[in-house]
Amino acid sequence: MTASEGVGAGERAGKARRKRIMGVVTLLGISGGIVGFLTSKYSDNGPGGFLQGDLPAWTAILASVVIVVSLTWGSWKFFQVVDEVELRDNYLASTVGLYFYMILYAVWYLLWWGKLVPEPSHEWLFASTLAASLIAYLWKKLRP
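Under this note's numbering, the first residue of the sequence shown is numbered 395, with each subsequent residue one higher.
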C-alpha cells in the first residue's frame with residue numbers, strides 16, 4: 395500500500411483548500427510587495443520619520459488601485475475557500491479589531507481635543523488595530 399492510497403477524499407479536499415488559501419495569501423503578499431516597492435523610493439527616513447517624504451500623484455494613485463483591487467479580490471476569494479471554523483475565527487478577529495479601533499480613535503480624539511495628548515496618529519491607529527485583530531485571531535485559533 396502506497397502513501398497516496400491511504401489518503402481519503404476529505405484529506406485531499408483539505409489539502410486542495412490549503413493550497414488555494416496559500417495561493418490567495420501569496421498573491422496578496424505580492425501585491426503588498428508592489429505597493430512597498432512603489433512607495434519605498436519616496437519614503438524619507440530623515441527628520442519627521444517614517445513615510446514622511448513627498449509621494450508623486452501617479453504613485454499614490456497606482457498604489458491605491460493595487461491595494462483596493464487586491465484586497466477586495468483577495469478577501470472575496472479567501473472567504474470562498476476557507477471552512478466555517480476559519481470563517482468564525484476571522485469574524486471574531488475582525489469584530490475585535492473594529493471595536494478596538496472605534497474605542498481607541500474616539501478616546502484619543504477626545505483627549506486630543508481637550509489638549510491632553512498629541513493629535514491621533516494614523517499610522518499608530520492602523521498598526522495597533524491590526525495588532526489587536528491579530529492577537530484576537532491567534533487567541534481564538536491557538537486556544538485549546
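C-beta atoms are modelled at their ideal positions from N, C-alpha and C, and glycine is treated no differently. Fair warning: this is a prediction, and the values are worked out from it, not measured in the lab.
query: Exposure of G491, with buried meaning 16 or more beta-carbon neighbours within 10 Å; result: buried
query: Proximity to M416 [Cα-Cα], best of T466, G402, G426, F472; result: F472
query: CA-to-CA distance, T523 to L505, given in whole angstroms; result: 18 Å
query: Nearest-angstrom Cβ-Cβ length linking S488 and S527, presumed shorter than 8 Å; result: 7 Å
query: G408 - DSSP class collapsed to helix/strand/coil; result: helix
query: Pairwise C-alpha distance: G426 and V462; result: 11 Å
query: Cβ pair Y495, L456 closer than 8 Å; result: no
query: Cα-Cα separation, T433 to K534; result: 34 Å
query: N-terminal and C-terminal residue of the alpha helix (DSSP H) that V501 is part of; result: 478-507
query: Assigned secondary structure, G402 (DSSP; H/G/I helix, E/B strand, else coil); result: coil
query: Nearest-angstrom Cα separation, counted from V401 out to M395; result: Low per-residue confidence applies at M395: pLDDT is 48, beneath 50, and the placement is therefore not dependable enough to give any value.
query: Endpoints, the alpha helix (DSSP H) within which V475 is located; result: 451-475
query: Which of helix, strand or coil DSSP assigns to E513; result: coil
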